[in-house]
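Residue numbers (full-length UniProt numbering), protein chains in the order written: chain A, 1 to 193; chain B, 1 to 193.
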DNA sequence: CTATGTATACTGACTAGTGAGTATACATTA
DNA sequence: TAATGTATACTCACTAGTCAGTATACATAG
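In structure tokens:
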């Protein structure tokens, strides 16, 4: 039904913006409802709890985030090492935006570290695992080995860059991470250049 | 005076435990005071605000954390690459403990991402920068170049391992990060082995 | 050696406001 | 009329921070 879909989408949209901007613990359900232009009761009609809303927020970002990464990868010129580095370079650009506040998945996981069974934590883990799997496939297809280990190490550099760039408010960490990723690829498979 | 020091230390000790275990946003000042066995008013006698208490919590962890890292580095057998890898291996052990919940500095920075000027965020940035500087020196002394870039990339792997291990509740990410660090060192300076 | 003054370290009760979540009722649409 | 969606108006626990006052120690003045 249209009204439902529309209202639900507006709530989710407001939640995404506020949760990412302020952090899930610093945003009240009232604030989300107000930003969406609905009453709190309406929000609770569409989502049974704040925890569910938080999980839905991350779920909604899962595919778009992945799609953006793969788009950068596909669009980049050169071989796979260059394409991997392109992801870091693009993220460095994004991180320059004043509204950038790190990775929403990582930050939510950090906030909910005391609640490992929280639905949002599971969504976050699934998102990160999905990207690692996708990357391993790309490396494997390109003949870069060991694809799985390499993918994991690149993910580590990526998550580290999210954290360090946020800590120091300096996108240069993404550049250094991208260089490290390229170095690792080249080091394991020097022939591929 | 002894009583003051003692009380202040008890409050700080309670804050460290609770803030790390639950996250700064999920722990009330009342809870810290209760855990320390003092009234809230007494807590506010020693700390002017919760924000100051949070900053003091990280400040108190700065030196001990650094000391633990350097101790692992010093105690490890072999050359600098092996010593670097030892830090990751030791962290993997620590991460197996059920009470382990990632890096307190990173988690606090993530929670306070909306407040870049927060005193605790500054303490976190200083802590991470301090470790990066220390590591660069160790690499430089050992003749491993480029020491600064290498140190930064190893820090990125470290922060990534904190994040990914927390996300997946799997210390294996520390092992993979340690291998990546060793690979990078070997790759830049293959002669050093 | 007493009396008064003052700084330190602390307490219980409180305020003003916010938190998540809900009982009930009114509207729209199928 | 029955289901769906939205609103007003609440509950009650909890939040950071404060008020006004107290016990103790240690000064210095008489």
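No residue lacks a Cβ here, since even glycine has one placed at the ideal position from N, Cα and C.
> By a C-beta neighbour count over all protein chains shown, 10 Å radius and 16 as the cutoff for buried, is residue 85 of chain B buried or exposed?
Replying inline: buried
> Mind checking if residue 153 of chain A is an interface residue toward chain B, Cβ cutoff 8 angstroms exclusive?
Replying inline: yes
> Quick one: does residue 79 of chain B have its CB under 8 angstroms from some CB of chain A?
Replying inline: no
> In terms of alpha-carbon separation, which member of B/64, B/83, B/62 and B/78 lies closest to residue 72 of chain B?
Replying inline: B/83
> Quick one: is residue 97 of chain A near chain B, going by C-beta distance under 8 angstroms?
Replying inline: no
> Under 8 angstroms between the Cβ atoms of residue 177 of chain A and residue 161 of chain A?
Replying inline: yes
>> Distance cutoff 8 angstroms, beta carbons only. Does residue 168 of chain A sit that close to anything in chain B?
In response: yes
> Alpha carbon to alpha carbon, what distance is there between residue 140 of chain A and residue 81 of chain A?
Replying inline: 12 angstroms
> If you drop the 5 nearest sequence neighbours on each side, which residues of the same chain put their C-beta closer than 8 angstroms to that of residue 96 of chain B?
Replying inline: 171
> residue 107 of chain B touches chain A at which residues, Cβ-Cβ below 7 angstroms?
Replying inline: 110 and 113
>> Using a Cβ-Cβ cutoff of less than 7 angstroms, which residues in the same chain neighbour residue 181 of chain B once the five nearest sequence positions on both sides are dropped?
In response: 84, 85, 88, 154 and 157
>> Using a 10 Å radius around the Cβ and a threshold of 16 neighbouring Cβ atoms, would you call residue 163 of chain B buried or exposed?
In response: buried
> Quick one: what's got a C-beta closer than 6 angstroms to residue 42 of chain A's C-beta in the same chain, skipping five residues either side?
Replying inline: none
> Using a Cβ-Cβ cut-off of 7 angstroms (strictly less than) and excluding sequence neighbours within five positions of residue 50 of chain A, which residues of its own chain qualify?
Replying inline: 29
> For residue 39 of chain A, which residues in chain B fall below 8 angstroms Cβ to Cβ?
Replying inline: The premise fails here: residue 39 of chain A is roughly 25 angstroms from chain B at the closest Cβ pair, so nothing lies under 8 angstroms.
>> Would residue 12 of chain B and residue 57 of chain B qualify as a contact pair, given that the criterion is a beta-carbon distance under 8 angstroms?
In response: yes
> So, does the CB of residue 128 of chain B fall closer than 8 angstroms to a CB anywhere in chain A?
Replying inline: yes
> Is the beta carbon of residue 104 of chain A less than 8 angstroms from the beta carbon of residue 173 of chain A?
Replying inline: no
> Under 8 angstroms between C-beta atoms, does residue 173 of chain B make it to chain A?
Replying inline: yes
> CA-CA distance, residue 107 of chain B and residue 145 of chain A?
Replying inline: 33 angstroms
>> Spatial neighbours of residue 198 of chain B within its chain, please: C-beta separation below 6 angstroms, excluding the five flanking residues on both sides.
In response: As shown, chain B starts at 1 and ends at 193. That puts residue 198 of chain B outside it, with no answer to give.
> Excluding sequence positions up to five away, which residues of its chain have a Cβ less than 7 angstroms from the Cβ of residue 60 of chain B?
Replying inline: 12 and 16
>> Just to confirm the assignment: which complete beta strand (DSSP E) runs, minimum length 3, are found wholly within the segment 141-175 of chain A?
In response: none
> Considering only C-alpha positions, which residue in the set B/168, B/185 and B/132 is nearest to residue 66 of chain B?
Replying inline: B/132
> Comparing alpha-carbon positions, which option in A/109, A/187, A/167 and A/26 lies nearest residue 100 of chain A?
Replying inline: A/167
>> Can you tell me whether residue 23 of chain A is buried or exposed? The criterion is at least 16 other CB atoms within 10 Å of its CB, across all chains shown.
In response: buried
> Taking only beta-carbon atoms, is residue 124 of chain A less than 8 angstroms away from chain B?
Replying inline: yes
>> At a CB distance below 7 angstroms, what residues from the segment 7-40 of chain A approach chain B? Give them in sequence order.
In response: 21, 22, 23, 25 and 26
> By a C-beta neighbour count over all protein chains shown, 10 Å radius and 16 as the cutoff for buried, is residue 39 of chain A buried or exposed?
Replying inline: exposed
>> Would residue 49 of chain B pass as an interface residue toward chain A - the criterion being a Cβ-Cβ separation below 8 angstroms?
In response: no
> Does residue 145 of chain A have its Cβ less than 8 angstroms from a Cβ in chain B?
Replying inline: no
> Residues of chain B with CB under 9 angstroms from residue 86 of chain A, in chain order?
Replying inline: Going along chain B, no residue has its Cβ under 9 angstroms from residue 86 of chain A, so there is no contact; the nearest lies around 18 angstroms.
>> What would DSSP say about residue 119 of chain B, mapped onto helix, strand or coil?
In response: helix
> Would you report the Cα separation of residue 122 of chain A and residue 25 of chain A, rounded to the nearest angstrom?
Replying inline: 17 angstroms
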